[in-house]
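Have a look at the structure below before the remarks.
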Amino acid sequence: MVRKVILVEDDPDDRDLFIAFYAHRTDIKILPSVGNGVELISFLESIEADENLPHLIILDQNMPLMNGKQTLDYLKSNSRYSKIPAVVYSTYADTRLVLDCKKLGAGLVASKPIDDEGYQKMMDDFLKVI
Amino acid sequence: MRTDSENDLLAEIRRLQSQLDEANDTLDAIRTGQVDALVVNGHNGHGHTLFTLKTADHAYRIFIEQMTEGAVTLNSSGLIIYSNSQFASMVKVPLSNVLAEDFSTFVTDDCKETFDRYFHTGWKESVKGELSIRSGDLIVPVLLSLYKLELEEEVALSIIVTDLSSQKETERELTLKNQQLESLNQALINSNHDLQQFASVASHDLQEPLRKIQVFSKFLKDRSTPELSEQSKFYIEKIFSSAQRMRVLIIDILNYSRLSKDDDNIESVSLRNIIDEILEDFDLKISERNARIEIGDLPVVEGNAGQLRQVFYNLIINALKFVSPDRTPHIVISAKPVNFRELGISLTNESEYCCISVVDNGIGFDEKFATSIFNLFEKLNPKSTFEGSGIGLAIAKKIVDKHHGLIIAKSEKGIGSEFNIVLPHCHVKRNPNG
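In order, the protein sequence lines correspond to chains A and B.
The numbering of the first sequence is the working numbering, which starts it at 141 and goes up by one.
The numbering of the second sequence is the working numbering, which starts it at 563 and goes up by one.
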């Protein structure tokens, strides 16, 4: 089964990297990325049928308007979206961020990889929480 | 032959001399408490007034003469009917001139109204208040304590005058010092705030571009291989490793600055468990170098487990790193009793402390750097031979300091180094396996 994955990320380079590193994978379908939590919510609200919702939400932590933690908090307290597995990734994932996100219901918290190997492993780990 | 007028004059001098003696005797008598009554010359020519001082008995009058405060007694119209010599010297007027003087003449003009109020109230109830009196050309701040005395013939108002000059001076200095302390405190809060701001900027904003330099230089190297010369690949590798180094530096500074925050997560920590965990992390490195690690009995200490782990992590990583390539690393970690005399410190509860030593056979360093190696960014070795940020030992020292302990380095170049960590609150627990 192909999993629909959406990336919530404001940095265009990181969006491009995401698409480039995962272009060859057949187990996932990368949905068009959104730039922050607010954009994600309006995207999710535009989906009428529940079966069309993404299987996995990947949140960057540092974003304008609504950062990773705030978005996670919103998703987990919303009855329609709380079941969708959500993970957080950040340039610098320290203990504080990991603990905070876990408490809010994040499936995983990861540091942004720097090479192909890192990206593939991160996605494999993310898919395990579904 | 003497003339009559000359004799008259001599007689007059003798008479005045005896009058002066008598006056001096009277003053002495007042001072020593032998007099119970005084005749005061009439004010503004209103005849003489007799004042008796029956309540001021001998002992108390001596007592009052010895006081450092001025003590005066006023009659109902505010005239001084008694004064100790201390008050006279406070106002820099001879004692004989103080007596029968209106007290308010010694009060500065701007305080006369205040004094009138105290004087008025003092007859009804005891009152205390501050004002200024004149002392020659000077103005002296004083505290007045007014209290009504019920004498047999008449009521009088007693006033104790306390010189506040030195107290005011101390108060002024104290206020000044407090202001200085407050502004220093504010500066400290500001700089702490700046540091936290910096930490948060460093954690994300500085690392983001560095990570991209790494990602794209790796892209360039891996995906454009055919077009790149070996020399170009070498340069790209340099870009990548420099960015990596910068990231390590940033994370280390971040960790160091976070240590400043109070983290009072104190628990019993088994150093043996900590060391075992660290060695597991270094598994690969240890087998690569075929390193030999010996661990003796280690105590349980009170402290922050994560921080103590960091201390030993930093020491062990150094012990593994700073070894010449032709030598097999050999590290001995053990606890020993603390001999404070050896350390040049005197403590009575020696048994509550323990010393953990980490000894290696590495490249060592000159003993003259034994203190400075704990400074931030202090590095004794060229980057090309031994990679590192120069923060590891600074972090170790800061953590040991926070645990009220000591860290002492000893070394001999080419032979090895020894780091001794003295920690309080130790419970020595024997390793059951010996």
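Where is the CB? At the ideal position from N, CA and C, for every residue including glycine.
- Message: For a test of the three-state rule: what should DSSP assign to T617 of chain B, helix, strand or coil?
- Response: Walking along the second sequence from the start, residue 617 of chain B turns up at place 55. Low per-residue confidence applies at T617 of chain B: pLDDT is 47, beneath 50, and the placement is therefore not dependable enough to give any value.
- Message: I'd like to confirm the pairing. Which residues does DSSP put opposite L708 of chain B in its beta bridges?
- Response: Here residue 708 of chain B refers to the residue found at position 146 of the second sequence. Partner(s): B:V689 and B:I721.
- Item | L101 of chain A versus I857 of chain B - alpha carbon distance | With chain A running from 141 to 270 in the structure shown, residue 101 of chain A is simply not present.
- Task: May I ask you to report which of helix, strand or coil DSSP gives V900 of chain B?
- Result: On the second sequence, residue 900 of chain B is found 338 positions in, with the first residue counted as 1. Collapsing the DSSP output to three states places V900 of chain B in coil.
- For P861 of chain B, which beta-bridge partners are listed by DSSP? Residue 861 of chain B sits at position 299 when you count from the first residue of the second sequence. P861 of chain B is not bridged to any residue.
- Message: Buried or exposed for R773 of chain B, going by 16 or more other Cβ atoms inside 10 Å?
- Response: Here the question's residue 773 of chain B lines up with position 211 in the second sequence. R773 of chain B is buried by the Cβ-count criterion.
- Name the residue from B:K780, B:K883, B:E631 and B:I925 whose alpha carbon lies nearest to the alpha carbon of S794 of chain B. For this step, residue 794 of chain B is matched to residue 232 along the second sequence. Nearest neighbour of S794 of chain B by Cα position, chosen from B:K780, B:K883, B:E631 and B:I925, turns out to be B:K780.
- Query: Does the beta-carbon of K268 of chain A have 16 or more other beta-carbons within 10 angstroms, so that it is buried, or is it exposed?
  - Reply: Here residue 268 of chain A refers to the residue found at position 128 of the first sequence. Around the beta carbon of K268 of chain A, fewer than 16 other beta carbons sit within 10 angstroms, so the residue counts as exposed.
- Under 8 Å between C-beta atoms, does D156 of chain A make it to chain B? Residue 156 of chain A sits at position 16 when you count from the first residue of the first sequence. So, not an interface residue.
- May I ask you to verify whether the segment 214-222 of chain A touches the segment 566-582 of chain B, counting CB pairs closer than 8 Å and requiring at least 3? In the pairwise beta carbon analysis, the segment 214-222 of chain A is classified as not touching the segment 566-582 of chain B: fewer than three pairs are separated by under 8 Å.
- Message: Can you check whether the C-beta of N202 of chain A is within less than 8 Å of a C-beta belonging to chain B?
- Response: Reading the first sequence from its first residue, position 62 is the one you call residue 202 of chain A. The beta-carbon of N202 of chain A is placed less than 8 Å from the nearest beta-carbon of chain B.
- Item | Contacts that K252 of chain A makes with chain B (C-beta to C-beta distance below 7 Å) | Along the first sequence, one-based indexing puts residue 252 of chain A at 112. The answer, in chain order, is R773.
- How big is the Cα-Cα spacing for V717 of chain B and S707 of chain B? Locating residue 717 of chain B in the second sequence gives position 155, where the first residue counts as 1. Locating residue 707 of chain B in the second sequence gives position 145, where the first residue counts as 1. Each residue's alpha carbon lies about 17 Å from the other.
- Query: Going straight from the alpha carbon of W685 of chain B to that of I721 of chain B, what length do you get?
  - Reply: Translated into positions along the second sequence, residue 685 of chain B becomes position 123. Translated into positions along the second sequence, residue 721 of chain B becomes position 159. Per the coordinates, the alpha-carbon of W685 of chain B lies some 11 Å from the alpha-carbon of I721 of chain B.
- Message: I want to see whether chain A comes within less than 8 Å of E914 of chain B, judged by CB atoms only; does it?
- Response: If you number the second sequence from 1, residue 914 of chain B lands on position 352. Interface flag for E914 of chain B against chain A is unset, since no Cβ pair is found closer than 8 Å.
- Item | Spatial distance of H641 of chain B from F668 of chain B (CA atoms) | Taking the second sequence and counting its residues from 1, the one referred to as residue 641 of chain B is at position 79. Taking the second sequence and counting its residues from 1, the one referred to as residue 668 of chain B is at position 106. Here residue 641 of chain B is Leu; the residue named in the question, His, does not match the sequence. Near 11 Å, if we compare the C-alpha coordinates of F668 of chain B and L641 of chain B.
- In chain order, what residues of the segment 217-247 of chain A put their CB closer than 8 Å to some CB of chain B? Answer in chain order: S230, T231, Y232 and D234.
- Item | DSSP three-state assignment for K268 of chain A, whether helix, strand or coil | To locate residue 268 of chain A, count along the first sequence from 1; it is residue 128. The three-state reading of DSSP puts K268 of chain A in helix, counting H, G and I together.
- If we cut at 8 Å on Cβ distances, does D255 of chain A have a partner in chain B? For this step, residue 255 of chain A is matched to residue 115 along the first sequence. Chain B, which has a Cβ nearer than 8 Å to the Cβ of D255 of chain A, makes this yes.
- Query: Any idea what DSSP makes of G996 of chain B, helix, strand or coil?
  - Reply: As a working note, residue 996 of chain B is residue 434 in the second sequence. Caution applies to G996 of chain B, whose pLDDT of 37 falls short of 50 and renders its modelled position unreliable; the model cannot decide the point.
- Specify the secondary structure class of H164 of chain A as computed by DSSP and reduced to three states. The residue labelled residue 164 of chain A in the question sits at position 24 within the first sequence. Collapsing the DSSP output to three states places H164 of chain A in coil.
- Message: My output table needs one value for E974 of chain B: the three-state DSSP class, helix, strand or coil.
- Response: Start at 1 with the first residue of the second sequence, and residue 974 of chain B comes out as number 412. If DSSP states are grouped into helix, strand and coil, E974 of chain B belongs with the strands.
- Message: Assuming Y229 of chain A is part of the beta strand (DSSP E), what are its boundary residues?
- Response: The residue given as residue 229 of chain A occupies position 89 in the first sequence. Per DSSP, Y229 of chain A belongs to the beta strand (DSSP E) from A226 to S230.
- Check the Cβ-Cβ distances between D150 of chain A and every residue of chain B, and say whether any is below 8 Å. One-based indexing of the first sequence puts residue 150 of chain A at position 10. Not one beta carbon of chain B lies nearer than 8 Å to the beta carbon of D150 of chain A.
- Query: Quick one: is H766 of chain B near chain A, going by C-beta distance under 8 Å?
  - Reply: Taking the first residue of the second sequence as 1, we reach residue 766 of chain B at position 204. Residue-level contact by beta carbon holds for H766 of chain B and chain A, with a gap shorter than 8 Å.
- Message: Considering only the alpha carbon of each residue, which of B:I935, B:L750, B:S973 and B:I695 lies closest to I957 of chain B?
- Response: As a position in the second sequence, residue 957 of chain B is number 395, starting the count at 1. Distances from the alpha-carbon of I957 of chain B to those of B:I935, B:L750, B:S973 and B:I695 put B:I935 closest.
- Message: Here's the rule: buried if 16 or more other CB atoms are within 10 angstroms of the residue's CB, otherwise exposed. What is K898 of chain B?
- Response: Your numbering for residue 898 of chain B matches position 336 in the second sequence. With fewer than 16 other Cβ atoms within 10 Å, it is exposed.
- Task: Could you check what DSSP says for F981 of chain B in three-state terms: helix, strand or coil?
- Result: Within the second sequence, the letter at position 419 stands for residue 981 of chain B. Secondary structure at F981 of chain B: strand, using DSSP grouped into helix, strand and coil.
- Message: Suppose you measure from the CA of Y622 of chain B to the CA of K710 of chain B; what does that come to, to the nearest Å?
- Response: Locating residue 622 of chain B in the second sequence gives position 60, counting from the first residue. Locating residue 710 of chain B in the second sequence gives position 148, counting from the first residue. Computed Cα separation, rounded: 17 Å.
- Message: Check this for me: beta carbons of F931 of chain B and I878 of chain B, under 8 Å apart or not?
- Response: Mapped onto the second sequence, residue 931 of chain B falls at position 369. Mapped onto the second sequence, residue 878 of chain B falls at position 316. In this structure, I878 of chain B does not lie closer than 8 Å to F931 of chain B by Cβ.
- Beta-carbon neighbours of K780 of chain B, restricted to chain A and to distances below 7 Å: As a working mapping, residue 780 of chain B is identified with position 218 in the second sequence. For K780 of chain B, the neighbours in chain A by C-beta distance under 7 Å run, in chain order, I254 and D255.
- Query: Are the Cβ atoms of G926 of chain B and I977 of chain B separated by less than 8 Å?
  - Reply: As a position in the second sequence, residue 926 of chain B is number 364, starting the count at 1. As a position in the second sequence, residue 977 of chain B is number 415, starting the count at 1. Yes, the Cβ-Cβ distance between G926 of chain B and I977 of chain B is below 8 Å.
- Measure from the C-beta of D153 of chain A to each C-beta in chain E and report whether the shortest distance is under 8 Å. Absent from the structure: chain E. Protein chains present are A and B.
- Task: Check whether the Cβ of Q769 of chain B lies closer than 8 Å to any Cβ atom in chain A.
- Result: Reading the second sequence from its first residue, position 207 is the one you call residue 769 of chain B. Taking a beta-carbon distance threshold of 8 Å, Q769 of chain B counts as an interface residue toward chain A.
- Query: Once you ignore the five residues that flank L171 of chain A on each side, which residues in its own chain have a CB closer than 7 Å to its CB?
  - Reply: Here residue 171 of chain A refers to the residue found at position 31 when the first sequence is read from its first residue. K144, V145, I146 and P194.
- Message: Which residues in chain A have a C-beta closer than 7 Å to the C-beta of V777 of chain B? List them in chain order.
- Response: Numbered from its first residue, the second sequence carries residue 777 of chain B at position 215. Correct list: L157 and I254.
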